[in-house]
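Asker: Numbering (the numbering used here), first residue to last: 117 to 474. Have a look at this one.
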Amino acid sequence: MTENLRPSGAHSTDQDPTPYASPYAYDGTAHTGTAYDGTAYDGTAGGYPPPPPYAPTSRRRAKRPVALLAAVALAAGVIGGGTATLVGQLNGEGSGATGSGGAVNGTTVSQSSKGTVSGVAEAVSPAIVEIGAASSAGRSTGSGVVITGDGEIVTNNHVISGAQQIQVTLSTGRTYTADVVGTDPDKDLALIKLRNASGLKTATLGDSSQVKVGDQVVAIGSPEGLTGTVTSGIVSALDRDVTVAKDDSGSSGQGQDRQGGGQQWPFEFGGQQFNGDTGEETTTYKALQTDASLNPGNSGGALINMDGEIIGINSAMYAPSSSASGSGSTAGSVGLGFAIPVNTLKADLDTLRAGDGS
117 MTENLRPSGA HSTDQDPTPY ASPYAYDGTA HTGTAYDGTA YDGTAGGYPP PPPYAPTSRR
177 RAKRPVALLA AVALAAGVIG GGTATLVGQL NGEGSGATGS GGAVNGTTVS QSSKGTVSGV
237 AEAVSPAIVE IGAASSAGRS TGSGVVITGD GEIVTNNHVI SGAQQIQVTL STGRTYTADV
297 VGTDPDKDLA LIKLRNASGL KTATLGDSSQ VKVGDQVVAI GSPEGLTGTV TSGIVSALDR
357 DVTVAKDDSG SSGQGQDRQG GGQQWPFEFG GQQFNGDTGE ETTTYKALQT DASLNPGNSG
417 GALINMDGEI IGINSAMYAP SSSASGSGST AGSVGLGFAI PVNTLKADLD TLRAGDGS
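Put into structure tokens, the structure is as follows:
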């Protein structure tokens, strides 16, 4: 029979895992000392001091960096997706879709730039164009708003009325020839379409019923042929009854923004005529009034809210110097401009596309 040489109380080392080492050398005699929690203990042969009040955590800590990296990767994926969406919106990718009720979706202002004139200008300027219309009476310059990627553009009827040739210049400087799709002289609206255009930046049509006096707005157009001019102001009044010429049948073709002199943007308000004679054929509509600076050439351009949505089509301005002197060369904005509410345009969009108003 083999003699057991282990001291009493000792355990086999091949069965006993040693979670920690004793700080005391074992020589077979009893030891006394202090436990980890500060209490005394009486060690016997083969005895161990009590375990610490906390368990080793080396394995759990080894896993945390992996989990942290996974969380960071997931967050980066979310941020990346949001950025792609934001860039797509700002660049107008996939825009130009037209829903029911004349709704048009296009560029919008990025979240970081909302409420700023620069943010609105950056987002919407690519969708605003300069329109040059040549007729027997001369050449007129106006502005327009791109609403579809293949080149549908909204403008004022008086900008293109009687035109024999229409040339459109984008914000990039590229030019296109355009054809008239439909006009509505009663609302001073027109729809033209570029030839062989695709992938254009488009504007979003907002809701003019939500506009309030005091709302900040931005106007973009081509006054005096200065393409992409940006001005800002507020909505100073609602529902102004403005009377303008239906077409170019007025004296000297005053229905258009003529270059090279002549009275420009003739309209009536409150029983008085401004900027010249409107002629015999006139129409009256309720307009948004703004103090954003408008000048000849802004006609047909966009009045925009701070979310980058079109809320009106600029159509008339009050320039007392032109009415007093009879010279368009001294005409300028004095803070009284008028725009056709965008809801009027949306309600009329199907008619313009069908050409029924021509």
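Where is the CB? At the ideal position from N, CA and C, for every residue including glycine.
#1: Use the C-beta contact count for Lys303: other C-beta atoms within 10 angstroms, 16 or more gives buried, fewer gives exposed.
#2: Could you compute how far the alpha carbon of Gln332 sits from the alpha carbon of Gln405?
#3: Measure from the alpha carbon of Lys309 to the alpha carbon of each residue in Asn430, Val262 and Asn414, then state which is nearest.
#4: Out of curiosity, what's the CA-to-CA distance linking Ser415 and Asn312?
#5: Just checking, does the region 239-252 make contact with the region 275-282 on the three C-beta pairs under 8 Å criterion?
#6: Would you tell me roughly how many angstroms separate the C-alpha atoms of Leu468 and Thr299, rounded to the nearest one?
#7: Once you ignore the five residues that flank Gly451 on each side, which residues in its own chain have a CB closer than 8 Å to its CB?
#8: The beta strand (DSSP E) spanning Thr285 covers which residue range?
#9: DSSP on Leu342, reduced to helix/strand/coil?
#10: Exposed or buried, Thr271, counting other C-beta atoms within 10 Å across all chains shown (16 or more means buried)?
#11: Use the C-beta contact count for Glu267: other C-beta atoms within 10 angstroms, 16 or more gives buried, fewer gives exposed.
#12: Under a Cβ-count criterion, where at least 16 other Cβ atoms within 10 Å of its own Cβ denotes burial, should Leu342 be classed as buried or exposed?
#13: In the DSSP assignment, what residue or residues form a beta bridge with Gly416?
#14: Using the beta-carbon count (16 or more within 10 Å), is Thr398 buried or exposed?
#15: Please classify Lys462: does DSSP put it in a helix, a strand, or coil?
#16: Where does Ala435 sit, in a helix, a strand or coil, going by DSSP?
#17: Among the candidates Gly413, Tyr401 and Val358, whose CA atom is the shortest distance from the CA of Phe390?
#18: CA-CA distance, Val284 and Leu307?
#19: Restricting to Cα atoms, I'd like to know which of Phe454, Gly344, Thr320 and Gly330 is closest to Glu384.
#20: Count the other CB atoms, across all protein chains shown, that sit within 10 Å of the CB of Thr293; report buried if there are 16 or more and exposed otherwise.
#21: How is Ile276 classed by DSSP in three states: helix, strand or coil?
#22: In the DSSP output, what is Gly254 paired with across the bridge?
#23: Specify, as a first and last residue, the run of the alpha helix (DSSP H) that Glu238 falls within.
#24: Ignore the nearest five residues each way along the sequence and tell me which others in Gly217's own chain have a CB closer than 7 Å to its CB.
#25: Cβ of Thr318 within 8 Å of Cβ of Ile426?
#26: Helix, strand or coil, according to DSSP, for Arg316 in the structure here?
#27: Buried or exposed, going by whether 16 or more other CB atoms sit within 10 Å of the CB of Val329?
#28: So which of Ser252, Thr257, Val236 and Thr232 has the shortest CA-CA distance to Glu340?
#29: From Asp423 to Asp464, what distance separates their C-alpha atoms?
#30: Whole angstroms is fine: what's the gap from Thr400's alpha carbon to Val360's?
#31: According to DSSP, is Ser409 part of a helix, a strand, or is it coil?
#32: In whole angstroms, what separates the C-alpha of Thr288 from that of Ala470?
#33: What is the C-beta distance between Ile420 and Val334, in whole angstroms, given that I count them as a contact (C-beta under 8 Å)?
Answerer: Inspection of the coordinates gives the following:
#1: Taking the sequence shown and counting its residues from 1, the one referred to as residue 303 is at position 187. Lys303 is buried by the Cβ-count criterion.
#2: Here residue 332 is taken as the residue at index 216 of the sequence shown, counted from 1. Here residue 405 is taken as the residue at index 289 of the sequence shown, counted from 1. Each residue's CA atom was taken as its position, placing Gln332 and Gln405 some 12 Å apart.
#3: Here residue 309 refers to the residue found at position 193 when the sequence shown is read from its first residue. Nearest C-alpha to Lys309: Val262.
#4: On the sequence shown, position 299 is the one that residue 415 refers to. On the sequence shown, position 196 is the one that residue 312 refers to. Take the alpha-carbon of Ser415 and the one of Asn312: they are about 25 Å apart.
#5: Contact between the region 239-252 and the region 275-282 is present: three or more C-beta pairs spanning the two stretches fall below 8 Å.
#6: Along the sequence shown, read from residue 1 onward, the residue named residue 468 stands at position 352. Along the sequence shown, read from residue 1 onward, the residue named residue 299 stands at position 183. C-alpha separation (whole angstroms): 6 Å.
#7: For this step, residue 451 is matched to residue 335 along the sequence shown. The residues are Gly349, Ser352, Asp407 and Ser409.
#8: The residue you call residue 285 lines up with position 169 of the sequence shown. Gln281 to Thr285 is the extent of the beta strand (DSSP E) around Thr285.
#9: Taking the sequence shown and counting its residues from 1, the one referred to as residue 342 is at position 226. Collapsing the DSSP output to three states places Leu342 in coil.
#10: Here residue 271 is taken as the residue at index 155 of the sequence shown, counted from 1. Around the beta carbon of Thr271, 16 or more other beta carbons sit within 10 angstroms, so the residue counts as buried.
#11: By one-based count along the sequence shown, residue 267 stands at place 151. Before going on, a small fix: residue 267 reads as Gly here, not Glu. Looking at its Cβ environment, which holds 16 or more other Cβ atoms inside 10 Å, Gly267 is buried.
#12: By 1-based counting over the sequence shown, the position of residue 342 is 226. Per the 10 Å Cβ criterion, exposed.
#13: Translated into the one-based positions of the sequence shown, residue 416 becomes position 300. Gly416 pairs with nothing; no bridge assigned.
#14: Stepping through the sequence shown from its first residue, residue 398 is reached at position 282. If you draw a 10 Å sphere on the C-beta of Thr398, you find 16 or more other C-beta atoms in it, and that means buried.
#15: Here residue 462 is taken as the residue at index 346 of the sequence shown, counted from 1. Under the three-state reduction of DSSP, Lys462 is assigned to helix.
#16: In the sequence shown, residue 435 corresponds to position 319, counting from 1. Looking at Ala435 - three-state DSSP - the assignment turns out to be coil, as it is neither helix nor strand.
#17: For the purposes of this step, residue 390 is taken as residue 274 along the sequence shown, with counting starting at 1. Checked all of Gly413, Tyr401 and Val358; the closest Cα to Phe390 is Val358.
#18: Stepping through the sequence shown from its first residue, residue 284 is reached at position 168. Stepping through the sequence shown from its first residue, residue 307 is reached at position 191. About 13 Å.
#19: As a working note, residue 384 is residue 268 in the sequence shown. The shortest CA-to-CA distance from Glu384 to any of Phe454, Gly344, Thr320 and Gly330 is the one to Phe454.
#20: Locating residue 293 in the sequence shown gives position 177, where the first residue counts as 1. Per the 10 Å Cβ criterion, exposed.
#21: Along the sequence shown, read from residue 1 onward, the residue named residue 276 stands at position 160. Three-state result, Ile276: helix.
#22: Within the sequence shown, the letter at position 138 stands for residue 254. DSSP lists Ser251 as partners of Gly254.
#23: Residue 238 sits at position 122 when you count from the first residue of the sequence shown. Looking at the DSSP string, the run of the alpha helix (DSSP H) that includes Glu238 is Val233 to Val240.
#24: By one-based count along the sequence shown, residue 217 stands at place 101. Caution applies to Gly217, whose pLDDT of 48 falls short of 50 and renders its modelled position unreliable; the model cannot decide the point.
#25: Along the sequence shown, one-based indexing puts residue 318 at 202. Along the sequence shown, one-based indexing puts residue 426 at 310. No, these two residues do not count as a Cβ contact at 8 Å.
#26: Residue 316 sits at position 200 when you count from the first residue of the sequence shown. The sequence given here has Leu at residue 316, not Arg. Note: Leu316 maps to coil in three-state DSSP.
#27: The residue labelled residue 329 in the question sits at position 213 within the sequence shown. Flag for Val329 reads exposed.
#28: Taking the sequence shown and counting its residues from 1, the one referred to as residue 340 is at position 224. Ranked by how close their Cα comes to the Cα of Glu340, the residues Ser252, Thr257, Val236 and Thr232 have Thr257 in first place.
#29: The sequence position of residue 423 within the sequence shown is 307, counting from 1. The sequence position of residue 464 within the sequence shown is 348, counting from 1. Between the C-alpha atoms of Asp423 and Asp464 there is a straight-line separation of about 23 Å.
#30: Against the sequence shown, residue 400 aligns to sequence position 284. Against the sequence shown, residue 360 aligns to sequence position 244. Distance between the alpha carbons of Thr400 and Val360 is about 6 Å.
#31: As a working mapping, residue 409 is identified with position 293 in the sequence shown. Coil at Ser409, not helix or strand.
#32: Here residue 288 refers to the residue found at position 172 when the sequence shown is read from its first residue. Here residue 470 refers to the residue found at position 354 when the sequence shown is read from its first residue. A straight line joining the alpha-carbon of Thr288 with that of Ala470 spans about 30 Å.
#33: Sequence index remark: in the sequence shown, residue 420 carries index 304 (1-based). Sequence index remark: in the sequence shown, residue 334 carries index 218 (1-based). Confirmed, about 5 Å.
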